[in-house]
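Quick note on the numbering used here: the sequence shown kicks off at 666 and runs consecutively. Each residue gets a CB set at the ideal place from its N, CA and C atoms; glycine is no exception.
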Amino acid sequence: MPPTLSIETSTSSGPQTVLTITGALDMDTVPRVTAATDTLVLVGRILVLDLSAVTFMDSSGLNTLLTLRNRIEAEQGTLRLQGAPEQVLRLLDITGARDLFTLTP
């Protein structure tokens, strides 16, 4: 059975792009997230990852978020994680990565 993940992108007229990720963010699905974000212009923009519908995230998902964070910072943009569920927050806490991200409810 193929991994369950959906990604919806919405760009406002301002400097913000929102990616809504639904499903498991793990080693089977992170290539889809990478493919979706690789095409985005992030120079000086705000990228909001809406994680409120993420059902699971493993270390591969965390690594993808860290890589994306580094890319956005290099391009003078901003990354915000919105609505991260408890499991994602626990993973960020356990790994010490929580302070590396801007989290919004």
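| Check | Outcome |
| --- | --- |
| Euclidean distance between Cα positions of VAL768 and ASP715 | Here residue 768 is Leu; the residue named in the question, Val, does not match the sequence. Looking at the two C-alpha atoms, the distance is approximately 10 Å. |
| Inter-residue Cα distance where the pair is GLY709 and GLY679 | 11 Å |
| Cα-Cα separation between LEU731 and GLU738, rounded to whole angstroms | 11 Å |
| PRO770 vs VAL719 beta-carbon contact at 9 Å | no |
| Burial state of ILE686, where buried means 16 or more other Cβ atoms lie within 10 Å | buried |
| Cβ separation of THR674 and ALA701, assumed to be a contact under 8 Å, to the nearest whole Å | 7 Å |
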